[in-house]
Amino acid sequence: MTVNVGWFKTMAVGVLFLSVAAATAHAQKQVIVYTSNEDTLNSLVFAGFEKDTGIKVQPVAAGSGVLVRRLSAEKERPQGDVLWGISRSLLDTNRAYFQPYRSQNRDAIPAEFRDPDDLWIGNNLHVMVILQNTKLVPEADGPRQWADLLDKRLKGKIAFTDPVNSGAAFTTTTLLVGMFGGGEAGWGKVANLFTNAKILNKSSLVFQGVGQGEYSLGVSLEYAGYLWANNGAPVKVIYPAEGTVVQMEGCAVIKGGPNTTSAEAFVDYINRKDVREMIFAKTFRRPARQDVDLSHLPGGMPPLASIKQAPYDEKLWTEARAATLQRIQDVIVQTR
Amino acid sequence: MADIRIEGLHRRFGAVEAVDDVSLHIRHGELFTLLGPSGCGKTTLLRMVAGFTDPDQGSIHVGDRRIDRLPPHRRDTGMVFQNYAIFPNLTVAGNVAYGLKARRVPPPEIARRVAAALGLVVLDDHGERWPHQLSGGQLQRVALARALVIEPEVLLLDEPLSNLDARLRVEMRGEIRRLQQSLGITAIYVTHDQEEALAISDRVAVMRAGRLEQVGTPTEIYHRPATPFAAQFVGTVNLLQGTVVAREGARVRLRIEDQLLLVPAMVAPGSGLSIALRPENLRLLTPDAPCPEGWGSLSARIERVEFLGPLTRLEIAAGRLTLHVATTETVDMVRQGDAVTLAYDPARITVFAPP
Amino acid sequence: MRALGVRSAFPFGVTLIAFILLALFLIYPLAQVLVASLLDPTGTTLTFANYGRVLGIAFYRAGLINSLTLGAGAAAISVVVGVPMAFCLARLPIVGRNWLLAIAALPLVLPSFVGAYAWVMLLGRSGIVTQALASVGLPSLSIYGMPGLTLVFALHSFPYVLLPTVAAFKAIDQSMEEASLNLGATRIATFWRVQLPIALPAVLAGALLVFVETIENFGVPFLLAEDRPILAVQAYKLFVGEVGANPASAGVLSMLLVFCTVAALLVQRRYLARRRFSTAARSQPPELVVGAAGRIGATVYCWGMVLLALVPFAVVVVISFMPFRGPVLHPGFTIDNFIVLIDRASRPLLNTLGLASAATLAATLVGLPIGYVLVRYRSALAGILDSLSMTPLAVAGTVLGIGFVLAFNAGWLVLTGGWLVLAIVYAVRKLPFNVRAASAILHQIEPSLEEASINLGVSPARTFVQLTLPLMIGGVVGGMVLTWVAIVSELSATIVLYSGPWATMTIVMFQALEGGSPGVASAAATVLIAVTLVPLLLVYRLLRRHELSLT
Ligand SMILES: Nc1ncnc2c1ncn2[C@@H]1O[C@H](COP(=O)(O)OP(=O)(O)O)[C@@H](O)[C@H]1O
Ligand SMILES: [Mg+2]
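Pasting the structure below:
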């Protein structure tokens, strides 16, 4: 019996210690950031922000779906101050949880990348690209356009993200339906693409997979390709010749959060020109503000203007989302 | 006064009427035995007294106290379990002290009483031993000491000796009886061993299928069994059935197989009767010896001889009737195949009402 | 085994308290989430239509079948691997047995998503082993897909079978096997016909845990199933998917998981109903005498299995000392990952240890009496309590977490925002471990011991505390270790509930692994392994000493 008592005591002391630690942690000014960004980006920005403002960042990091779900569950008594790293369409559908803030950098951001009522503001842009592992596929043999991905010889070699779990993948899929001729013809070709693809659960699995050599090709985000390539991985970024889409990510101040002033300071900070440049240099996030000259920064990323964008009706596809998802899922089932 | 009054007790398990309308009065200081074959409900009855099984109906009083609604830990009964249930995590002394601690007896007194109780069961030096270091008989005595040390109003023993070897059983039952008498404690003793029951009990209740078959002193049960079942279950008996052929005053002549026996009964010829005749109540006569006055006799032949030391058991055939006989005659007098006269005192025959 | 027929407020009190706690911290929050599955699209009318609709979709039916196959497969392998190993550890002179027992629970420490990452590093298409095999012209074994998944789960969770089964084999009184041998049965027949059946309740309890944990887990199939539908993954995506969030369908799939668990539990209960044994082991069975070959064989087998299960650990430890540039691994040696970690993870480490300990304590305090009442005072109510107390295992952490936010973020009981809510969620999620551990060990304690105590004047409640508890201690501490270890690796509920300074080590790992810093994630896992190894070894040492004093 004595054994057990000792064990209980140890635990009780541990709990006590923790409670004390918790009580002392509240003294400093802080901001709670719900972030769906990756660790590297988070650490970089939070450290800079703390140094700059003295405000301590308490991150809550999770996928954007989890964060939004948490946000809506907490709406009676919000626990967070800023939501960061969320796609434009998700920001739009959750406007009810935000409070307007007119950021100092508002005017540097093109109007299409911010909310007319200032409920959210864009930070960075993702261009949808094809990533190629040049160790698995010789550089010259890679695809040049979306249509090249339909080649039967690529079966099982392409990584794609499940559109249910990724806004970018949903956009890409619907873009391709239109690009491949629309209607049944378009869906038919998308089915051919899916036949070649492994549909992974999360977008990070796609670029990690290509970077690590698990998959030869991946339909993924531009920054990831540069990030892996510039850190020594055999990855090449391909901008498809038919044109592609640009996805915006942004942030918003959470309505009724515990530290709203700090939240606003954070929103100002992440869109500052020097901060965007710092972020770009380390993580290749293409800024939403268009006054950053990428040619002076490492990586050799082309300016947005030089990338061919295909026409895409975001509004239309957002409205048809439920039916479209069902259709996508049918296609996935049929092609397994 | 710790007499136990059980009234109209019932307990059913599914379709089985484990205890079926049992009423008993057990006197203060009495060692009362529940005797019966396995599955007849003895344990269930005992556990209802201890409080581990709830009666469906009926009441149990100890003295003036009604206990059947009390939780078991407040009934003040000391129970000795069939498997002893010695706590493996406590020493012998720890086991014996257990109930005293529960009663918040001061430590010095606990030590004294534990020592005394261990002395009582002759385990004086074993207090610091662990249960797994003890033999079966020693464990049994620890269980007894543990139950006795709390000086319960009632001692309950559920087949306490069934896990011991024959010699130890005989020795231990004497111990239990001695202790029970010297402490003057009221005890209910469950066993399926009739010899044990007869040897140590003040009174015995014979149970069958949840019901009481007979309650009485060992001699009453033995000599005047109330039912064929009781007769057969306690000791060896010649249990016979026949038809009355004639009446002779307070007796009848009963035909059993091809023999006629004199039986003390007053029924009309033609009726059927069951009788019981203990082996020791049949006497062997040499062919020329006279039959005692008023006795009956049969001509017979010795079929089998079994020498048991103090007595000899015989299987004897009288015509088509086979009888068990016990005699203290020396074995030289009885030999297999001998023709003998078998005499009996009709007064010693137990007659049962026709079934 | 016989129940205690004692008239007492104790079982009633325990049952009542247990029902209140489970209603408050399980049913109420779950209902907040799962009611969606019973509402029509307008959200006003109750309907079962969602169930019909979801089950009508081949994709989800395939997911259900895959999940059940996976759970059954992992459970079967765990039994096949774990039972012989348990017998060896209980009865054979295995070299380094005590070390082995101490690290056997270790596979559970590593969060399954980290383990899956390690397996990909080894056996993925570009994994180290795969490439090594390819370079000598051997076909590579794929870690993706059902066989790989099953194997990863089995290796991760077979300790659930192993640990209770070792205890069960040790608790069988020597006389049982002596009787069997005496009656002319061979050693092997004795094992099959006497020892295994007696240990079966423990084996099945462990197998059930494996089954349920496997079908509930989404971290591993998220990575390794690729595009094979798995119920837990689909439920997760429908629940918190960025695009296709559909609470109604997510609720349906979550409920399906709960149904599967309850069904598995009922099957197990039915099967065991007539097979309950108690064998008050007065003398622990002795070590069997085997030749050198037997000893070496058994030792190699046991160590081999445990080491195989620990391969992901080795990978993680090695990777934690390798340099990363951005997300890209480069050959070399560095301690940079740990330097980054010290800055980021000292508080989370304390959080993890403290929260796991507090929650383990709470789960034990609640689970132990429940387990006791379930075994000793069987009733219809206890049957319901039994199923209910197993349900948390089947509920995805994300679902329960969101339920907690919905239920306790505002209103009459506010819990969110601190450490307490995490401790409660952990305690609820792992409560079944404690209930199971308690009932498994109780099946081996002769109830007449408790009757003797009660008869001697000790109330049922106090008998439980002063007699039964000490007798149960081995099994209970075993259960506590499992609970503690499982909590240490909890992610899915934490991620929707943690806030402020209460991030745990799994959160650090998750963020790092997700965010392209596998080096930091590996370093965090390495630290966690080192830190949890110490209490594990300590507990087993103490336990051994305690056992010795009992024999
Ligand atoms: N807990 C129980 N559940 C069901 N049946 C029982 C239970 N206890 C006893 N019985 C049944 O009641 C009858 C009497 O049992 P018991 O009192 O143990 O008999 P004894 O002690 O005389 O051998 C038996 O038929 C037995 O099967
Ligand atoms: Mg009995």
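Protein chains in written order, with our numbering: chain A, 1368 to 1703; chain B, 1435 to 1789; chain C, 2 to 552. Idealized CB from N, CA, C, for every residue including glycine.
Ligand 4 heavy atoms versus the CB of residue i: any closer than 7 Å?
i        : result
T1478(B) : As far as ligands go, the structure on display features ligand 1 and ligand 2 and does not contain ligand 4.
Cutting at 6 Å between CB atoms, please list the residues of its own chain near residue i, excluding the five before and the five after it.
i        : result
V34(C)   : V400, I403, G404
V1624(B) : L1468, K1476, L1480, D1592, E1593
A494(C)  : G398, L401, G402, V426
R1735(B) : A1751, A1773
Y272(C)  : none
T1420(A) : A1632
N1472(A) : N1638
Q1693(A) : none
E1441(B) : S1457, G1492, S1493
Name the DSSP bridge partner or partners of residue i?
i        : result
H1495(B) : R1439(B), R1500(B)
Q1675(B) : S1708(B)
Q1693(A) : Answer by DSSP bridge pairing: none, since Q1693(A) is not bridged.
N1491(A) : E1616(A), P1654(A)
Please compile the residues from chain C whose C-beta is within a distance smaller than 8 Å of the C-beta of residue i.
i        : result
L1594(A) : G327, P328, G517
I1566(A) : E227, D228
N1532(A) : K238, G242, E243, V244, G245
Anything in chain A within Cβ reach of residue i, meaning under 7 Å, just list it in chain order.
i       : result
V406(C) : R1437, A1440, E1441
N410(C) : A1440, E1441, E1443, R1444
T16(C)  : Here the premise fails: no neighbours, minimum Cβ distance about 25 Å.
Which stretch, first to last residue, makes up the beta strand (DSSP E) that contains residue i?
i        : result
L1450(A) : 1449-1454
H1758(B) : 1755-1761
D1454(B) : 1450-1460
P1426(A) : 1423-1428
Among residues of its own chain, excluding the 5 on either side of residue i, which ones have a beta-carbon nearer than 8 Å to its beta-carbon?
i        : result
L1543(A) : W1513, G1553, K1556, V1557, L1560
P1669(A) : Y1606, L1661
L124(C)  : V130, T131, S141, L142, S143, I144, G149
Closer than 7 Å by C-beta to residue i: which residues in its own chain qualify, once you throw out the five before and the five after it? Chain order, please.
i        : result
N1626(A) : Q1397, V1398, I1399, D1448
T1377(A) : Its pLDDT being 49, under 50, T1377(A) is placed unreliably in this model, and the value from its coordinates should be taken loosely. Closer than 7 Å at Cβ, skipping near neighbours: no residue.
S440(C)  : G372, L375, V376
L65(C)   : L232, L257
E1691(B) : G1753, R1754, L1755
P108(C)  : L156, H157, P160, A310, L311
Measuring only between beta-carbons, confirm whether residue i sits less than 8 Å from chain F.
i       : result
P502(C) : This model lacks chain F altogether, as its protein chains are A, B and C.
Who are the neighbours of residue i on chain C, taking C-beta pairs under 7 Å?
i        : result
F1447(B) : Those within 7 Å of F1447(B) in chain C number zero; the least Cβ separation is about 10 Å.
N1598(A) : R326, G327, P328, V329
A1536(B) : L457, G458, V459
So residue i contacts chain A; which residues on that side make the cut at Cβ distance below 9 Å?
i       : result
S224(C) : Here residue 224(C) turns out to be Leu, not Ser, going by the sequence shown. Within chain A, the residues near L224(C) are L1567, N1568, K1569, L1572.
Could you give the first and the last residue of the continuous alpha helix (DSSP H) run that contains residue i?
i        : result
T1540(A) : 1534-1546
T1628(A) : 1627-1637
M147(C)  : 147-158
Y1401(A) : Run containing Y1401(A): none in the alpha helix (DSSP H); it sits in the beta strand (DSSP E), 1397-1402.
List the residues of chain B whose Cβ lies closer than 8 Å to the Cβ of residue i, in chain order.
i       : result
E452(C) : A1484, F1486, P1506, M1513, F1515, A1519
Can you list the residues of chain A that residue i reaches, using a CB-CB cut of under 8 Å?
i       : result
T1(C)   : Past the boundaries of the shown model lies residue 1(C); chain C is included only from 2 to 552, so the question cannot be answered.
L403(C) : A quick correction: the sequence has Ile, not Leu, at residue 403(C). The contacting residues are R1436, R1437, A1440.
List the residues of chain C whose Cβ lies closer than 9 Å to the Cβ of residue i, in chain order.
i        : result
S1629(A) : Within 9 Å Cβ-Cβ: nothing; S1629(A) doesn't reach chain C, min ~13 Å.
Which chain B residues sit within Cβ distance under 7 Å of residue i?
i       : result
R455(C) : The question names Arg, but residue 455(C) in the sequence shown is Ile. Those are P1506, H1507, listed as they occur along chain B.
Pair every Cβ in the segment 1485-1504 of chain B with every Cβ in the segment 1663-1672 of chain B, then say whether three or more of these pairs are closer than 8 Å.
no
Are at least three pairs of beta-carbons, each pair with one atom in the segment 1684-1699 of chain A and one in the segment 1481-1500 of chain B, less than 8 Å apart?
no
Assess contact between the segment 1751-1764 of chain B and the segment 1713-1720 of chain B, defined as three or more Cβ pairs (one per stretch) separated by less than 8 Å. Is contact present?
yes
Could you tell me whether the segment 1588-1602 of chain A touches the segment 1514-1531 of chain A, where touching means 3 or more Cβ pairs closer than 8 Å?
no
At a cut of 8 Å, does the segment 373-383 of chain C reach the segment 417-426 of chain C through at least three beta carbon pairs?
no
Quick one: any contact between the segment 518-531 of chain C and the segment 126-141 of chain C, if contact means 3 or more CB pairs under 8 Å?
no
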